[in-house]
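Residue numbers (the numbering used here), protein chains in the order written: chain A, 1333 to 1567; chain B, 1333 to 1567.
Cβ atoms here follow ideal geometry from the backbone N, Cα and C, with glycine treated the same way.
It should be emphasised that the depicted structure is a prediction, and the values quoted were computed from it without experimental measurement.
Number of protein chains: 2
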Amino acid sequence: MNKKIKKAVVLSSGGLDSTTTLAIAIKEGYECYSLSFFYGQRHKFELTAAKKITEKFDVKQHLVLNLDLDRIGGSSLTDDMDVPKNKNLKEMSNGIPTTYVPARNTIFLSCALAWGEVLGASDIFIGVNAVDYSGYPDCRPEYIAAFEKMANLALKSTVEKKISIRIRTPLLHMSKADIIRTGIDLGIDYSITHSCYDPDAKGLACGMCDSCLLRKKGFNDAGIKDPTIYVNQCR
Amino acid sequence: MNKKIKKAVVLSSGGLDSTTTLAIAIKEGYECYSLSFFYGQRHKFELTAAKKITEKFDVKQHLVLNLDLDRIGGSSLTDDMDVPKNKNLKEMSNGIPTTYVPARNTIFLSCALAWGEVLGASDIFIGVNAVDYSGYPDCRPEYIAAFEKMANLALKSTVEKKISIRIRTPLLHMSKADIIRTGIDLGIDYSITHSCYDPDAKGLACGMCDSCLLRKKGFNDAGIKDPTIYVNQCR
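This is the structure:
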């Protein structure tokens, strides 16, 4: 029997969430195509992690697109601006932090639509989470729903072949601890993932940026040892 | 009186439509920031045209972003594939032609959102047209409306400052002839614009691709001499 191959594009940052999302997509039986971006981010070590992850998983192809978003700026991830650091999550400031990158998920999802159309993949997986997150607007369910609606009007395949695009967000309503538990069950070795926004020259995680704090909290809440090596080991 | 500056990002391909859109935005009193893309297109002469246009107009800044969409492919504008040529518009095939670039407007508009947010520009102008066009899905009014809705959920500025993003499409329901008449009234010298999808090595327009045929039809219908130099001068 010639079973039809289900294809998916998975946005892969090399971090904890996108890696878990990739493992879920593979578990669901998709042939996965992972998409990463070099967009001028200071934490480009995530791309090394993304590469390692796609090698470890059964990923059909890994594409790293180049886009010079650092020329647009507006974020402490791309500009010469300090990444906010705190000792714990309680000290995190209210509001959307400076690590927000303008329209990042919109740009990444748009490129995923393009690649998906060429590949014949109608499912796009993205590891957004609206529970243990930094408050980025483009991680919220209402944003994802609006993007999906737009996507279904944007593409030749949606018009000519009546293909429905689905933006898949399996982590959307999960806590970070649940994400980690799910990933462990799926056999992820989280030591190869990279979450830190501001690693040192060797790629060691700072342990104090929002992303590190959320990661630490997740492992702590899940009761699982965090395999990350932090630069100050201040866990 | 310190009049508040209205800022707009204008997507500028160097072609007839986007140049007219830019002239309209300037006429409306916007401080304009034009955005172009080098995305691996074969007709990169359009970027030279876009540069000339921004120099001619009162554009505050012209940004050319690099994005390697040719690695995604799926279009005769980026792939090693013939651009469809015909003697006249009647011979144009039905359906969406191979010059369609997957998710192009979605990607371009997404980057415009990002730059607009950094600049404090809530209006994004794009020269899409749903009358004399190639049937691209991402030029239709329903697509633009859905993109705008999504945009208003995507950005920090829409959440924290309650700013409304407007996707401005002044040409949407105009014929090509009306666009040209409008542009002439606004003082555009169309000889510096570039529409051709498949120019020769010197940048001369082929005169037979959809874009050339639509351009020719526009000048013809408007009763205005087309200043374009076509490679075969087969007007």
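For A:GLY1459, go through chain B and note every residue whose CB falls closer than 9 Å to its CB, in chain order. Result: empty, since nearest Cβ-Cβ is about 17 Å, beyond 9 Å.
Closer than 7 Å to chain A by CB, B:ILE1428: yes
Going by DSSP in three states, B:GLU1474 sits in which element: helix, strand or coil? Three-state result, B:GLU1474: helix.
Supposed contact pair A:GLU1449 and B:GLY1406 - C-beta distance, whole angstroms, cut 8 Å: 6 Å
B:LEU1504 - DSSP class collapsed to helix/strand/coil: coil
Can you give me the start and stop residues for the beta strand (DSSP E) that A:ASP1455 sits inside? From DSSP, the beta strand (DSSP E) with A:ASP1455 extends over 1455-1457.
Nearest to A:ASP1553 by alpha carbon, out of A:ALA1462, A:SER1507, A:SER1527 and A:CYS1538? It is A:SER1507 whose Cα lies nearest to the Cα of A:ASP1553.
Rounded to a whole number of angstroms, what is the C-alpha to C-alpha distance between A:PHE1440 and A:LEU1343? Between the alpha carbons of A:PHE1440 and A:LEU1343 lies a distance of about 8 Å.
State the beta-bridge partners of B:ASN1398 as determined by DSSP. Paired residues: B:PHE1370.
DSSP-derived helix/strand/coil call for B:LYS1336: In this structure, DSSP gives B:LYS1336 a state outside helix and strand, which the three-state scheme calls coil.
Using a Cβ-Cβ cut-off of less than 7 Å, list which residues of the region 1347-1376 of chain A approach chain B; keep chain order. Residues passing the 7 Å Cβ filter: none.
Please check if any C-beta of chain A sits within less than 7 Å of the C-beta of B:VAL1491. yes
Rank B:ALA1486, B:ILE1512, B:GLU1480 and B:SER1454 by C-alpha distance to the C-alpha of B:ASP1569 and give the top, closest one. What the structure shows of chain B is the stretch from 1333 to 1567, and residue 1569 of chain B is not part of that stretch, so it cannot be assessed.
Anticipated Cβ contact below 8 Å, A:GLY1346 with A:GLU1378, distance rounded: Between A:GLY1346 and A:GLU1378 the beta-carbon gap is near 4 Å, inside 8 Å, which marks them as a contact.
Residues in its own chain within less than 6 Å of B:ARG1500 by CB, not counting five upstream and five downstream? ASP1455 and PHE1457
Any C-beta of chain A under 7 Å from that of B:MET1482: Yes, because at least one Cβ of chain A sits closer than 7 Å to the Cβ of B:MET1482.
Excluding the five sequence neighbours on either side, which residues of its own chain have a C-beta within less than 6 Å of the C-beta of B:VAL1341, listed in chain order? The residues TYR1365, LEU1367, ALA1444, TRP1447, GLY1448, ALA1453 and ILE1456, in chain order, have a CB closer than 6 Å to that of B:VAL1341 in the same chain once the five nearest residues on each side in sequence are set aside.
Which one or two residues does DSSP pair with B:ARG1498 in a beta bridge? B:ASP1455
Mind checking whether A:ALA1381 and A:THR1525 have CB atoms under 7 Å apart? yes
Smallest Cα separation from A:THR1352: which of A:ASP1521, A:ASP1532 and A:LYS1383? A:ASP1521
Near B:ASP1530, which residues of its chain fall below 6 Å by C-beta distance, leaving aside the five closest residues on each side in sequence? VAL1415, CYS1538 and CYS1541
List, in chain order, every chain A residue whose beta-carbon is nearer than 7 Å to that of B:ALA1478. Neighbours of B:ALA1478 in chain A, taken as residues at a C-beta separation under 7 Å, are given in chain order as LYS1481, MET1482 and LEU1485.
What are the boundary residues of the alpha helix (DSSP H) that includes B:VAL1491? For B:VAL1491, the uninterrupted alpha helix (DSSP H) segment begins and ends at 1488-1492.
Contact the region 1416-1431 of chain B vs the region 1460-1479 of chain B: 3+ CB pairs below 8 Å: yes
Is DSSP giving B:LEU1518 helix, strand or coil here? coil
Name the residues in the region 1401-1426 of chain B whose C-beta lies less than 8 Å from a C-beta of chain A; which are they? LEU1401, ARG1403, ILE1404, GLY1405 and GLY1406
Using DSSP's beta-bridge definition, name the partner residues of B:CYS1364. In DSSP, B:CYS1364 forms a bridge with B:ALA1340 and B:VAL1391.
Is A:PRO1469 close to chain B, meaning its C-beta is less than 7 Å from at least one C-beta of that chain? yes
According to the Cβ coordinates, are B:GLU1423 and B:LYS1392 closer than 7 Å? No, the Cβ-Cβ distance between B:GLU1423 and B:LYS1392 is not below 7 Å.
Using C-beta distances below 7 Å, list every residue in its chain close to B:MET1333, excluding the 5 sequence neighbours before and after it, in chain order. Residue placement at B:MET1333 is poorly supported in this model, since its pLDDT is 47, which falls under 50; the coordinates still yield a value, given next. Contacts found: none.
Would you say A:LEU1421 and A:LYS1534 are within 7 Å of each other, going by their C-beta atoms? no
Residues in the same chain with beta-carbon distance under 6 Å from B:PRO1559, minus the five sequence neighbours each way, listed in chain order, please. TYR1522 and SER1523
Is the distance from the Cβ of A:TYR1371 to the Cβ of A:LEU1399 below 7 Å? yes
Beta-carbon proximity check, A:LEU1487 vs B:ALA1478, cutoff 7 Å: no
Determine which residues share a DSSP beta bridge with B:TYR1562 and list them. B:ALA1537
So the alpha helix (DSSP H) B:SER1350 belongs to, where does it begin and stop? 1348-1359
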